[in-house]
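Visitor: Okay, handing you the structure first.
Residue numbers (mature numbering (1 follows the signal peptide of the UniProt record, and there is no 0)): -27 to -1, 1 to 195.
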């Protein structure tokens, strides 16, 4: 009887261990699937995945140029910039963050996301990069700083040293960039408003590059 009882106990123990093993394997498989799903979400918010190689300061200068010298004419013409136009506000990767800067006073800035206060704009910029970088859409074509050659950002930044080399080749590249923006943002076959804006952009922006180069040469290349 003891022998049989011992044999039955061994069989029961073996069965329990087998079931436990199956549960562990299945559980680990589910954990792996859950981990992979969570991992994919974590990957999207991983700081390395949102590493930005785009100057926030120059992007801000580019948008200031657009906002001051272009948008009043666009609004006057009641013209809607095409989705492929890189001058659209929603093509600025820092736009959402910039709109969440609350400027109370010269030495008082607040983050609109978490309400933290800062003494200077450069500190709130650092805060955005450290705490809210997941809000930056770093997809291709959303770095406004890339358009600085066409938008005279260095003039907006009070003649800081230009990023482009001060030479005729750089001026030519900037002019071509300027003209390509005119063609994509104001296609002349899209009506009178687009045609007028195309002409105004070419005159006020693209035709100025020879003058801008001359200014850079006298201030930076002597």
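Note that CB positions come from ideal geometry on N, CA and C, so glycine has one too.
Hey, how far is the Cα of residue 114 from the Cα of residue 81?
Guide: 32 Å
Visitor: Going by beta-carbon coordinates alone, are residue 73 and residue 86 separated by less than 8 Å?
Guide: yes
Visitor: What three-state label does DSSP hand residue 95 in the structure shown?
Guide: helix
Visitor: Can you pull the DSSP bridge partners for residue 81?
Guide: For residue 81, which the question treats as bridged, DSSP gives the partners 78.
Visitor: Under the rule that 16 or more other beta-carbon atoms within 10 Å means buried, what is residue 245, buried or exposed?
Guide: For residue 245 there is no data in the structure shown, the boundaries of the chain being -27 and 195.
Visitor: Rounded to a whole number of angstroms, what is the C-alpha to C-alpha distance between residue 38 and residue 62?
Guide: 12 Å
Visitor: Please report the straight-line C-alpha distance between residue 94 and residue 162, rounded to a whole angstrom.
Guide: Spanning the two alpha carbons is a distance of roughly 42 Å.
Visitor: What's the C-alpha gap between residue 180 and residue 65?
Guide: 25 Å
Visitor: According to the Cβ coordinates, are residue 167 and residue 52 closer than 8 Å?
Guide: yes
Visitor: Anyone know if the C-beta pair for residue 151 and residue 32 falls short of 8 Å?
Guide: no
Visitor: Can you grab the Cα-Cα spacing for the pair residue 141 / residue 123, in whole Å?
Guide: Answer to the nearest angstrom: the Cα atoms are 14 Å apart.
Visitor: Under a Cβ-count criterion, where at least 16 other Cβ atoms within 10 Å of its own Cβ denotes burial, should residue 90 be classed as buried or exposed?
Guide: exposed
Visitor: Name the residue from 46, 55, 165 whose alpha carbon lies nearest to the alpha carbon of residue 177.
Guide: 46
Visitor: Please report the Cβ distance between residue 131 and residue 105, rounded to the nearest whole angstrom; I am assuming they are in contact, meaning their Cβ atoms lie under 8 Å.
Guide: With 8 Å as the limit, residue 131 and residue 105 do not qualify as a contact, their Cβ atoms being about 28 Å apart.
Visitor: Would residue 153 pass as a contact of residue 57 if the rule is Cβ separation under 8 Å?
Guide: no
Visitor: Strictly by DSSP, which residues pair up with residue 90?
Guide: 83
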